[in-house]
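Contents: one structure, followed by commentary.
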Amino acid sequence: MGKVVTMTETVRGVIARSTGAPVELVDIVIPDPGPHEVVVRVQACGVCHTDLTYREGGINDEFPFLLGHEAAGIVERVGNSVTHVEIGDFVVLNWRAVCGRCRACRRGRPWYCFDTFNAEQKMTLTDGTELTPALGIGAFADKTLVHEGQCTVVDSATDPAVAGLLGCGVMAGLGAAMNTGNVGRGDSVAVIGCGGVGAAAIAGARLAGATTIIAVDRDESKLTTAVQLGATHTVAAATEDAVERIQEYTNSFGADVVIDAVGRPETWKQAFYARDLAGTVVLVGVPTPDMRLEMPLLDFFSHGGALKSSWYGDCLPERDFPTLIELYRQGRLPLEAFVSERVGLDAVEAAFTTMKSGKVLRSVVTL
Numbered sequence: 001m002g003k004v005v006t007m008t009e010t011v012r013g014v015i016a017r018s019t020g021a022p023v024e025l026v027d028i029v030i031p032d033p034g035p036h037e038v039v040v041r042v043q044a045c046g047v048c049h050t051d052l053t054y055r056e057g058g059i060n061d062e063f064p065f066l067l068g069h070e071a072a073g074i075v076e077r078v079g080n081s082v083t084h085v086e087i088g089d090f091v092v093l094n095w096r097a098v099c100g101r102c103r104a105c106r107r108g109r110p111w112y113c114f115d116t117f118n119a120e121q122k123m124t125l126t127d128g129t130e131l132t133p134a135l136g137i138g139a140f141a142d143k144t145l146v147h148e149g150q151c152t153v154v155d156s157a158t159d160p161a162v163a164g165l166l167g168c169g170v171m172a173g174l175g176a177a178m179n180t181g182n183v184g185r186g187d188s189v190a191v192i193g194c195g196g197v198g199a200a201a202i203a204g205a206r207l208a209g210a211t212t213i214i215a216v217d218r219d220e221s222k223l224t225t226a227v228q229l230g231a232t233h234t235v236a237a238a239t240e241d242a243v244e245r246i247q248e249y250t251n252s253f254g255a256d257v258v259i260d261a262v263g264r265p266e267t268w269k270q271a272f273y274a275r276d277l278a279g280t281v282v283l284v285g286v287p288t289p290d291m292r293l294e295m296p297l298l299d300f301f302s303h304g305g306a307l308k309s310s311w312y313g314d315c316l317p318e319r320d321f322p323t324l325i326e327l328y329r330q331g332r333l334p335l336e337a338f339v340s341e342r343v344g345l346d347a348v349e350a351a352f353t354t355m356k357s358g359k360v361l362r363s364v365v366t367l
């Protein structure tokens, strides 16, 4: 019997070694892909707030983390049982590789899948220390190892910096409007918080046919961008009462769908009271574990409609990514507007600082 030859690779990757410490660009080792694993050569990866949350220890304490998850690239190696993709495919990576077997999948709600797939093997530092990839991806690297189901094939003519945005934040916002909020033609929509996710929710509401789209933010520059993406009205939350203004723009009724892209008790309350009596509230901003909500129970009873949470925009990558890329290529979805700057792999720490300033929708690492 012949000797089994394994082929590991050493590439560059950006890691967070401990809570709050600046990120480091180091050598990492990519193992041979297992039966259902693939190695993807990363071409672009967006800098998402979730990566900063990993660095700050806000997800868990499984340091060191290999950061980056909002990515697109080329499939370079595949395991011996891979059937989902082929070498050379241009793919967007996702952290919702649905299992098809759990109770959510069996009930026809795979966007709630409880058993999503990740690579079984670990990428490591050169001394053998195992890395925890952000959201099971770890794409601030020349190459990364993922499960084949985490790869969604899209049109290879697409700019990788644009395509990769669907891997997290932009998809979360688009899906909050189109999937979770089920925005329809003629609806009125208000979006509270117009950073990357909120701006995408505005674009999604416009794409879905909403005719009144109200952007709410404290930052005038974000409101300007929101108008460019489809907002018909703006509310300067630093000086105006958001609920009153939303009601004013909707004939005193409130909006059909209000999307909270901030995720704080005060913004969720604004969303609740700014909706129509049978309207929908969508929470897509991520709260912290210490946040609490206190409201009269009677107010919940006296309003109809729906109160929803949107996790990854309730997306199905295989359904949504190719469709959204096609809409982008048709000129109907301005995804390129979300790419604020392109930086190198050695500029992730600086990109975190830029992100905190609120002056970008997305910094994108390009390789």
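Residue 153 in the UniProt record's numbering sits at position 153 of the sequence shown; the count goes up by one each step and never skips.
In this text, a Cβ means the ideal position worked out from N, Cα and C, and glycines have one as well.
Quantities reported herein were computed from a predicted structural model and do not represent experimental measurements.
Quick check on LEU125: does DSSP put it in helix, strand or coil? Taking the sequence shown and counting its residues from 1, one reaches residue 125 at position 125. Three-state result, LEU125: strand.
Short of 7 Å in beta carbon distance, which residues of its chain neighbour ILE59, apart from the five on each side in sequence? Order them along the chain. In the sequence shown, counting from the first residue as 1, residue 59 sits at position 59. Contacts found: THR53.
On the three-state DSSP scale, how would you describe ILE214? Within the sequence shown, residue 214 is the residue found at index 214, counting from 1. DSSP places ILE214 in strand when its eight states are reduced to three.
Any contact between the stretch 259-269 and the stretch 281-290? By contact I mean 3 or more CB pairs, one from each, below 8 Å. At 8 Å Cβ cutoff, the stretches touch.
Reduced DSSP category for PRO31 - H, G, I as helix; E, B as strand; rest coil: Start at 1 with the first residue of the sequence shown, and residue 31 comes out as number 31. DSSP places PRO31 in coil when its eight states are reduced to three.
Rounded straight-line distance, which links the Cα of ARG12 to that of MET1: Indexing the sequence shown from 1 puts residue 1 at position 1. Indexing the sequence shown from 1 puts residue 12 at position 12. Low confidence applies here, because MET1 scores a pLDDT of 44, under 50, leaving its location unreliable; read the following figure in that light. Near 35 Å, if we compare the C-alpha coordinates of ARG12 and MET1.
Report the three-state DSSP secondary structure of ARG17 (helix, strand or coil). Along the sequence shown, read from residue 1 onward, the residue named residue 17 stands at position 17. Coil.
Thinking C-alpha only, which one of GLU62, GLU56, ALA163, TYR112 is nearest LEU316? Stepping through the sequence shown from its first residue, residue 316 is reached at position 316. The residue from GLU62, GLU56, ALA163, TYR112 with its alpha-carbon nearest to that of LEU316 is TYR112.
So, is GLU130 buried or exposed, given that buried needs 16 or more other C-beta atoms within 10 angstroms? Locating residue 130 in the sequence shown gives position 130, counting from the first residue. Exposed, since its Cβ has fewer than 16 Cβ neighbours within 10 Å.
Quick check: the Cα distance between GLN43 and GLY304, rounded to an integer number of angstroms? Start at 1 with the first residue of the sequence shown, and residue 43 comes out as number 43. Start at 1 with the first residue of the sequence shown, and residue 304 comes out as number 304. In this model, GLN43 and GLY304 are separated by some 46 Å (Cα to Cα).
Nonlocal neighbours in the same chain, by C-beta distance under 7 Å from VAL360, ignoring five residues either side: The count along the sequence shown starts at 1 and reaches residue 360 at position 360. So the list reads SER340, GLU341, THR354, once near-sequence residues are dropped.
With a CB to CB cut of under 7 Å and the five nearest residues on each side skipped, what residues in its chain are close to ALA104? By 1-based counting over the sequence shown, the position of residue 104 is 104. Closer than 7 Å at the Cβ level, and outside the excluded window around ALA104, lie PRO110, TYR112, CYS113, PHE114.
Mark LEU298 as exposed unless 16 or more other C-beta atoms lie within 10 angstroms of its C-beta, in which case mark it buried. In the sequence shown, residue 298 corresponds to position 298, counting from 1. Label assigned to LEU298: exposed.
Can you tell me which of the three DSSP states CYS105 falls into? Along the sequence shown, read from residue 1 onward, the residue named residue 105 stands at position 105. The three-state secondary structure of CYS105, taken from DSSP, is helix.
Can you check the stretch 310-357 for any alpha helix (DSSP H) of at least 4 residues that lies completely inside it and give the ranges in chain order? Complete alpha helix (DSSP H) runs here, min 4: 317-329, 348-357.
Out of PRO22, ARG332, GLY169, VAL98, which one is the CA nearest neighbour of THR152? Along the sequence shown, read from residue 1 onward, the residue named residue 152 stands at position 152. Selection PRO22, ARG332, GLY169, VAL98 evaluated against THR152 yields VAL98 as nearest (Cα-Cα).
Taking 8 Å as the threshold (C-beta atoms), are GLY169 and GLU62 in contact? Numbered from its first residue, the sequence shown carries residue 62 at position 62. Numbered from its first residue, the sequence shown carries residue 169 at position 169. No, they are not a contact pair.
Burial state of GLY20, where buried means 16 or more other Cβ atoms lie within 10 Å: Taking the first residue of the sequence shown as position 1, residue 20 is located at position 20. Within 10 angstroms of the beta-carbon of GLY20 lie fewer than 16 other beta-carbons, which makes it exposed.
Is MET7 buried or exposed, if buried means 16 or more other CB atoms sit within 10 Å of its CB? Within the sequence shown, residue 7 is the residue found at index 7, counting from 1. MET7 comes out exposed.
Quick check on SER302: buried or exposed, where buried means 16 or more other Cβ atoms within 10 Å of its Cβ? For the purposes of this step, residue 302 is identified with residue 302 of the sequence shown, where counting begins at 1. By the 10 Å Cβ count, SER302 comes out exposed.
Could you check whether CYS194 and ALA217 sit closer than 8 Å to each other, using their CB atoms as the reference points? Taking the first residue of the sequence shown as 1, we reach residue 217 at position 217. Taking the first residue of the sequence shown as 1, we reach residue 194 at position 194. One point to set straight first is that residue 217 is Asp, not Ala, in the sequence displayed. The answer is yes: Cβ separation under 8 Å.
I'd like to know if the stretch 197-213 and the stretch 121-128 are in contact, where contact means that at least 3 CB-CB pairs between them fall below 8 Å. No: fewer than three Cβ pairs fall under 8 Å.
Pick out the complete beta strand (DSSP E) segments inside the stretch 146-198, 3 residues or longer, and give them in chain order. List check, beta strand (DSSP E) in window: 151-153, 188-192.
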